[in-house]
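So the structure is just underneath, and the comments pick up after that.
2 protein chains.
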Amino acid sequence: MQTVRVAAASRTYPIHIGRGLLARADLIAGAIPQRRVAVVTNDIVAPIYLEPLAAALEAAGVACVRIVVPDGEDHKDWATLDRVIDQLLAHRCDRHTAIVALGGGVVGDLAGFAAATYQRGVPFVQVPTTLLAQVDSSVGGKTAINHPRGKNMVGAFYQPHLVLADMDTLATLPERELRAGLAEVIKHGAIGDAALFAWLEANLERLAARDAEALAHVVKRSVEIKAGIVARDERETAERALLNFGHTFGHAIETGLGYGTWLHGEAVAAGMVMAAGLSVRLGMLDAPSAARLRRLIERAGLPVAGPALSTERYLELMSVDKKAEGGRLRFILLERLGSAAIRGDVGPDALRATLEAAVTA
Amino acid sequence: MQTVRVAAASRTYPIHIGRGLLARADLIAGAIPQRRVAVVTNDIVAPIYLEPLAAALEAAGVACVRIVVPDGEDHKDWATLDRVIDQLLAHRCDRHTAIVALGGGVVGDLAGFAAATYQRGVPFVQVPTTLLAQVDSSVGGKTAINHPRGKNMVGAFYQPHLVLADMDTLATLPERELRAGLAEVIKHGAIGDAALFAWLEANLERLAARDAEALAHVVKRSVEIKAGIVARDERETAERALLNFGHTFGHAIETGLGYGTWLHGEAVAAGMVMAAGLSVRLGMLDAPSAARLRRLIERAGLPVAGPALSTERYLELMSVDKKAEGGRLRFILLERLGSAAIRGDVGPDALRATLEAAVTA
């Protein structure tokens, strides 16, 4: 087991990475104030991992309420959150009952927002079971639900008390979700670590084959890069926005198609190709670097072009994105592989040309 | 204008108290990052105070989105919050748009929770227009919505950037709401300031007659007492619970009757009499002090007994209250007028006897 420590302004907490961690109820029990948890998971993860985790907790003397929600991004909404809240109240969970998110990014965002808001905040533990959640969404304290008008529009910054990333849970992850998780790993390399990017170019097949050591390596590096940024800018007033590389385009894709049609990582993958294309168009990035990024994304089995929405529709979808400031769009663009910058002065012509070039017919 | 400064762990901010403050758009403009606000108010307050406030803001160059929700505690729910969020999105409010709560405690709690969660948090200004909101709910950062199973069950600690308490808005406050606000003023005296309590005994009629100087005095003293407690314990891990004097019983009354049947202050008034009775029964408080509290509450035109729910129903309603810890009820009890303590060891007999004695037939 390896441990990365996140030192956010509002809370410092450990991320443990390794195998067999679902059985380590001692790690959870040591991080929460009372011996009672509510595990929130979905109906895909529950049959595989809920009872092993709950049994370990109960054997360690931690009482365990089980709350199972439907799988999928289209259930990251108020109706599902209300079901969770209702279950917490029905089981008389008090403000010292910890909420444990067992699942992928949707479960983590939803259960995290429940933890942030139930009785104005209860302790929170993340047990991410997808690669995307392990390398990205379980770290840094962003929680939210979606609104029909936009993704993650209602939420909170709320740091977990502990993250347990168990590599063994990746063994059952569907192929498509593994690939979607790789998109965020590639993103971390592209924005912050040229060595990680090169390592991915050399070792992509080991990850696709689910080599546990290779997976642990990219989880650890991703988490270190993200933890460093979150420590300096928890509430995304500046640097943290770099983590949104590919996301302005990506969120437009997800909202435009309806949540869940493309996986988040798939939308981000196409979004990164679009953002790199825009970077080249603005003279910030050289074309060979953009081509390397596109090639790595393609080798990972991820989309390199957005779905065929009209340019006007893309522009409309992007303008309600949270990254719009005072009515003006901000983009995260690449300066080179391993270094990104925030730009708020992108002209409409370069944006339109990028959208027209980077969308599948 | 007088100013009290709240130094909470998460944010320090001023509370301005005085007359004519709705016209002081300069105070709001100076506290927010961009010249754009969304004013959230209800359909009772809007016809009186929305346009004066909005006109002052717009004259000062601050753009103003107007969001009007239905009046009443039974609208402090997800459906209404969702309407607010929807309006914010429809007007393309970004994360720098400040939300201004113009109204009483319900508007403040609802708009505050919207500010805490819209795009994971936007700047927030409280402009309380009821005595209860001015002396209590606008200060300290508690925001929430209700759940059918319990009051304020979903919420956040989220401090405003500024509070403007304009005494002139109390001129139009219905009599019943003025009296309800006095309940929280009496509470502040009872738990923390014997001099304030004695001042209220001597000057109650000035408050009932809406003497602006007398009102400003009790607002300032209430806010000072509350700000001191919040500065030491923002998230209610200990001392802040003292502010819940009368609220364990009071919340049971509100939930048991359905939100809005009794005003919050009315329920707290009866709850304080019950809590004082329990204090006497446990030998903590002398009977004459309890009688003084009861008499002041009665003189303020507030209820001194709970509604006729069964003892079992009261116990059931109290057990889901947030103040229950690990299944055990905690009570805020009086040691003397001006001093309160938290007790977690109240036996069932004393509680039942109190409930049976303090409920109207």
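The listed protein sequences derive, respectively, from chains A and B. Position 266 of the first sequence, counted from 1, bears residue number 933 in this note's numbering, the numbering being contiguous throughout. Position 256 of the second sequence, counted from 1, bears residue number 923 in this note's numbering, the numbering being contiguous throughout. Glycine included, each C-beta is placed from N, C-alpha and C at the ideal position.
- Interface flag for A730(B) against chain A is unset, since no Cβ pair is found closer than 7 angstroms.
- Rounded to whole angstroms, the separation of the alpha carbons of V729(A) and A865(B) is 50 angstroms.
- Within the model, the alpha-carbon separation for Q701(B) versus L799(B) is close to 30 angstroms.
- The DSSP-derived three-state label of K743(A) is coil.
- The C-alpha of A967(A) is placed about 22 angstroms away from the C-alpha of G770(A).
- Closest in alpha carbon position to I699(A), among A713(A), A722(A), H884(A) and Q793(A), is Q793(A).
- Membership of S946(B) in the alpha helix (DSSP H) is indicated by the continuous run H931 to R948.
- Assignment of M951(B) by DSSP, reduced to helix, strand and coil, places it in the coil class.
- Under DSSP, C731(B) shares a beta bridge with V704(B).
- Looking at A1024(A), L867(A) and K893(A), the one whose alpha-carbon comes closest to that of S804(A) is K893(A).
- The beta-carbon separation of V802(A) and V885(A), rounded to 7 angstroms, stays under the 8 angstroms limit for a contact.
- Here the alpha carbons of A958(B) and A975(B) stand approximately 21 angstroms from one another.
- Three or more Cβ pairs closer than 8 angstroms define a contact, and the region 910-925 of chain A meets that threshold against the region 994-1001 of chain A.
- Excluding its 5 nearest sequence neighbours in each direction, K809(A) has no C-beta neighbour in its own chain below 6 angstroms.
- Interface criterion met: the Cβ of G822(A) is under 7 angstroms from a Cβ in chain B.
- Taking each of E880(A), A675(A), G917(A) and T928(A) in turn and checking the Cα distance to L984(A), the smallest one comes out for G917(A).
- Considering only beta carbons, the part of the region 784-801 of chain B lying closer than 9 angstroms to chain A consists of T784, Y785, Q786, R787 and G788, in chain order.
- Around I684(A), the same chain offers Q669, A832, A883, V886 and K887 as residues with beta carbons nearer than 6 angstroms, after the five sequence neighbours per side are excluded.
- Contact annotation for K809(A) against chain B: R787 [CB-CB distance below 9 angstroms, chain order].
- Contact fails between the region 807-827 of chain B and the region 708-725 of chain B, because fewer than three Cβ pairs, one in each stretch, are under 8 angstroms apart.
- By a beta-carbon distance limit of 8 angstroms, V821(A) contacts T784(B). Their separation comes to about 5 angstroms.
- Relative to L930(A), the option among G938(A), L945(A) and E844(A) whose CA is nearest is E844(A).
- Residues of chain B with a Cβ closer than 9 angstroms to the Cβ of W929(A) do not exist, since the nearest Cβ in that chain sits about 22 angstroms away.
- Rounded to the nearest whole angstrom, the C-alpha separation of D1012(A) and G944(A) is 16 angstroms.
- In the structure shown, D753(A) falls within a helical segment according to DSSP collapsed to helix, strand and coil.
- Along the region 820-866 of chain A, the beta strand (DSSP E) occurs as fully enclosed runs of 3 or more residues at 829-833, listed in sequence order.
- At a Cβ-Cβ threshold of 7 angstroms, V732(B) and A705(B) count as neighbours.
- Non-local C-beta neighbours of A713(B) in its own chain, meaning closer than 7 angstroms and more than five positions away in sequence, comprise V735, ordered along the chain.
- Taking a 10 Å sphere around the C-beta of T796(B), we find 16 or more other C-beta atoms and assign the residue as buried.
- In the structure shown, R816(A) adopts coil according to DSSP, grouped into three states.
- Considering only K818(A), L949(A) and I766(A), the residue with the shortest C-alpha distance to V751(A) is I766(A).
- Taking every protein chain shown into account, the CB of A936(B) has 16 or more other CB atoms within 10 angstroms, so this residue is buried.
- Residues of the region 738-749 of chain B whose Cβ lies closer than 8 angstroms to any Cβ of chain A, in chain order: W745 and D749.
- Under the DSSP assignment, S889(B) falls outside any beta strand (DSSP E), being part of the alpha helix (DSSP H) whose first and last residues are A879 to R899.
- Considered as a whole, the region 747-808 of chain B harbours 765-770 and 791-795 as its complete beta strand (DSSP E) runs of no fewer than 3 residues, in chain order.
- E740(B) places its beta carbon less than 7 angstroms from that of V773(B).
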